[in-house]
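Asker: Below is one structure. I have some questions about it.
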Amino acid sequence: MFNLGIDTISIQNVIDICDGKLSFQLNTEARAKVVKSSENVAQIVESGDVVYGVNTGFGPLCNTIISKENTAKLQDNILRSHSVGVGNAIDLKIAKAMMILKAHNLSVGFSGIQEATLDRIIFFIQNDIIPEVPEQGSVGASGDLAPLAHLFLPLIGLGKVHYKGEWRETPDVYNELGLDPINLKAKEGLALINGTQFIAAHAVWGVYNLHHCLNTADIIGAMSLEGVLGSDSPFDERLHEVRPFDGSRLVAHRLRALLQNSEMVASHENCGRVQDPYSIRCMPQVHGSSRNAWLHVKQMVDIEINSVTDNPIILSAEESISGGNFHGQPLAMPCDYLTLAAHEVGNISDRRSYLLLNGEHPGLPKLLMTDIGLNSGFMIPQYTSAALVSENKALCFPASADSVPTSLGQEDHVSM
Numbered sequence: 004m005f006n007l008g009i010d011t012i013s014i015q016n017v018i019d020i021c022d023g024k025l026s027f028q029l030n031t032e033a034r035a036k037v038v039k040s041s042e043n044v045a046q047i048v049e050s051g052d053v054v055y056g057v058n059t060g061f062g063p064l065c066n067t068i069i070s071k072e073n074t075a076k077l078q079d080n081i082l083r084s085h086s087v088g089v090g091n092a093i094d095l096k097i098a099k100a101m102m103i104l105k106a107h108n109l110s111v112g113f114s115g116i117q118e119a120t121l122d123r124i125i126f127f128i129q130n131d132i133i134p135e136v137p138e139q140g141s142v143g144a145s146g147d148l149a150p151l152a153h154l155f156l157p158l159i160g161l162g163k164v165h166y167k168g169e170w171r172e173t174p175d176v177y178n179e180l181g182l183d184p185i186n187l188k189a190k191e192g193l194a195l196i197n198g199t200q201f202i203a204a205h206a207v208w209g210v211y212n213l214h215h216c217l218n219t220a221d222i223i224g225a226m227s228l229e230g231v232l233g234s235d236s237p238f239d240e241r242l243h244e245v246r247p248f249d250g251s252r253l254v255a256h257r258l259r260a261l262l263q264n265s266e267m268v269a270s271h272e273n274c275g276r277v278q279d280p281y282s283i284r285c286m287p288q289v290h291g292s293s294r295n296a297w298l299h300v301k302q303m304v305d306i307e308i309n310s311v312t313d314n315p316i317i318l319s320a321e322e323s324i325s326g327g328n329f330h331g332q333p334l335a336m337p338c339d340y341l342t343l344a345a346h347e348v349g350n351i352s353d354r355r356s357y358l359l360l361n362g363e364h365p366g367l368p369k370l371l372m373t374d375i376g377l378n379s380g381f382m383i384p385q386y387t388s389a390a391l392v393s394e395n396k397a398l399c400f401p402a403s404a405d406s407v408p409t410s411l412g413q414e415d416h417v418s419m
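Just so we're aligned: the sequence shown equals residues 4 to 419 in this note's numbering.
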């Protein structure tokens, strides 16, 4: 049982909760922190002290004071006004991961969320009620505002959710389940949409999926080496001790294990060929570099998903701090690195595919077809591979290198 706001959450925890393999709860200790934080916000409202997002406008409207009577309406308004994303709905598993990460974030007790609001989010997760979230509309700061607004619009009875295999209007689902919309109180709307959970959810699934791709790439690489009758000597442990990058050493170790007792490798130990092409010989260096990048990104994601990315954070009824923990740059740059790591594994795999097709290796006819001309063999699959590799080159352009000022210049640097 995973305890929200208490236990350290891992990427695997998020995946397992998404897949229904790990139960979770908001235990008594976490509930006490949530209730206390909500009470602190209520006291701030009663005191009349000016705190950003509690009784002020947002962004460039931060100097506009909101009356005590309108602090709750302000929170409804921010969900409505910020739900302006466009494009197709994101994958359900990413939207679910967003809810899990936000629930964990809010459970730490610095956001002033109501217990009832958090319980509704938990109910959504546990019952696979997944809000519709458009792909486009976030610039990564001030947090993932538009995607998170869409994610939590159903809390107030608006928007669409995916439930029992179909998209439905939220009021219809509420009527079926006997639920009423949540009445948000001061700061709750801001707490729901301030944060990096859109970026983080994509990063969680990206790290998880790339790990499987990296393991598979080593297996495919070993099989390709056997196919072209390559040598396993470039994977000698002694070679990698003198350039001891962790990723290279791991890949070399895996390749040695995969090729151990290989009859195909042993069959040409005394042939006259001195060296194989780089796509065979340099797998430890290339695959290993992607593994090094993957590990770095995983470490950054582990930090982020256990961090409070709200603004402001509520320390007590007397003290709050406004800052920039919502800014997506700490994840944006690693995510760019992750895309580059994924691309290079695909890039070198495409080159190995060419080696298998070029007809220059014993036992492998050109295009892997004996009767070419009448048949095209595997000519066109390599076209598809080339097209995907080329597309990936564009997709791994660093989004974090760009920044367009928003919010009338208040948010003058964003992470994209």
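The beta carbon of each residue, even a glycine, is placed where N, CA and C say it ideally should be.
Counting only the same chain and skipping the five closest in sequence on each side, list residues whose C-beta sits under 7 Å from that of F248.
Answerer: Same-chain partners within the cutoff: G291 and N295.
Asker: Answer with buried or exposed for K105, where buried requires no fewer than 16 other C-beta atoms within 10 angstroms of its C-beta.
Answerer: Buried.
Asker: When the Cα atoms are used, what is the spatial distance from I223 to L109?
Answerer: Straight-line Cα distance between these residues: approximately 43 Å.
Asker: Where are the beta strand (DSSP E) runs, 3 residues long or more, that stay fully inside the region 219 to 267, in chain order?
Answerer: Complete beta strand (DSSP E) runs here, min 3: none at all.
Asker: Going by beta carbon distance, what residues of the same chain come within less than 6 Å of I324, once the five residues before and after it are set aside?
Answerer: Only P315 and I316 meet the Cβ criterion.
Asker: Is the closest heavy atom of the ligand COA to the C-beta of I159 under 7 Å?
Answerer: Here there are no bound small molecules, and the ligand COA is not part of this structure.
Asker: For L398, which residues of its own chain have a beta-carbon under 8 Å away from its beta-carbon, when the five flanking residues on both sides are left out?
Answerer: Here the set comprises T342 and H346.
Asker: Secondary structure at Q278, three-state DSSP: helix, strand or coil?
Answerer: Correct three-state label for Q278: coil.
Asker: Quick check: what's the CA-CA separation for D374 versus M226?
Answerer: Roughly 24 Å between the two C-alpha positions.
Asker: Could you pull the DSSP bridge partners for L367 from this structure?
Answerer: Paired residues: H364.
Asker: Would you say the region 192 to 208 touches the region 89 to 108, given that touching needs at least three Cβ pairs under 8 Å?
Answerer: The region 192 to 208, when compared against the region 89 to 108, does touch it at the 8 Å Cβ threshold.
Asker: Short of 7 Å in beta carbon distance, which residues of its chain neighbour H85, apart from the five on each side in sequence? Order them along the chain.
Answerer: Correct list, in chain order: L148, A149, A152 and I196.
Asker: Would you check if the distance between the CB atom of P134 and the CB atom of L154 is smaller than 8 Å?
Answerer: Taking 8 Å as the Cβ cut-off, P134 and L154 qualify as a contacting pair.
Asker: Find out if the Cβ-Cβ distance for the pair V392, W297 is shorter than 8 Å.
Answerer: Cβ atoms of V392 and W297: not closer than 8 Å.
Asker: Leaving out five residues on either side along the sequence, give the residues of the same chain with a beta carbon under 8 Å from the beta carbon of V48.
Answerer: Once the five neighbours on either side are set aside, the close Cβ partners of V48 are V57, N58, K71, T74 and A189.
Asker: In this structure, how does DSSP classify P157 when only helix, strand and coil are distinguished?
Answerer: In this structure, P157 counts as helix in the three-state DSSP scheme.
Asker: Put I2 into one of helix, strand or coil per three-state DSSP.
Answerer: Given a span of 4 to 419 for the chain in the structure shown, any question on residue 2 remains unanswerable.
Asker: Along the beta strand (DSSP E) that carries K163, what are the first and last residues, could you check?
Answerer: K163 to Y166 is the span of the beta strand (DSSP E), which, as asked, contains K163.
Asker: What is the C-beta distance between S379 and L370, in whole angstroms, given that I count them as a contact (C-beta under 8 Å)?
Answerer: Yes, they are in contact, since the Cβ atoms of S379 and L370 sit about 7 Å apart, within 8 Å.
Asker: Let me confirm a value: Q15 is counted as buried when at least 16 other C-beta atoms fall within 10 Å, else exposed. Which label applies?
Answerer: It is exposed - the Cβ of Q15 has fewer than 16 other Cβ atoms within 10 Å.
Asker: Measure the alpha-carbon distance for A45 versus V289 and round it to whole angstroms.
Answerer: Distance between the alpha carbons of A45 and V289 is about 55 Å.
Asker: Does the structure place the region 116 to 130 close enough to the region 325 to 341 that three or more beta carbon pairs sit under 8 Å?
Answerer: In short, these stretches do not touch, since the Cβ pair count stays below three.
Asker: Which value, in whole angstroms, describes the spacing of the CA atoms of S41 and A98?
Answerer: Each residue's alpha carbon lies about 26 Å from the other.
Asker: What's the C-alpha gap between K36 and H214?
Answerer: Rounded to the nearest angstrom, the two C-alpha atoms are 36 Å apart.
Asker: Let's see if you can read the secondary structure: which residues bound the beta strand (DSSP E) around E118?
Answerer: No beta strand (DSSP E) holds E118; the alpha helix (DSSP H) holding it covers E118 to Q129.
Asker: Specify the secondary structure class of S323 as computed by DSSP and reduced to three states.
Answerer: It is a strand residue.
Asker: Between L358 and D79, what straight-line distance do the alpha-carbon atoms span, to the nearest angstrom?
Answerer: Cα-Cα distance, rounded: 60 Å.
Asker: Rounded to whole angstroms, how far is the Cβ of I202 from the Cβ of A335, which I believe are closer than 8 Å?
Answerer: Indeed they touch by this definition, with Cβ atoms about 7 Å apart.
Asker: What is the DSSP secondary structure of F201, reduced to helix, strand or coil?
Answerer: Three-state DSSP puts F201 in a helix.
Asker: Rounded to whole angstroms, how far is the Cβ of P280 from the Cβ of S251, which I believe are closer than 8 Å?
Answerer: Their Cβ separation, rounded to whole angstroms, is 18 Å, which puts P280 and S251 out of contact at 8 Å.
Asker: Assign K163 to buried or exposed, taking buried as 16 or more other Cβ atoms, counted over all protein chains shown, within 10 Å of its Cβ.
Answerer: When all chains shown are included, K163 counts as buried.
Asker: Which whole-angstrom value is the C-beta distance of M372 and P337, which I expect to be below 8 Å?
Answerer: So it is not a contact: roughly 43 Å between Cβ atoms.
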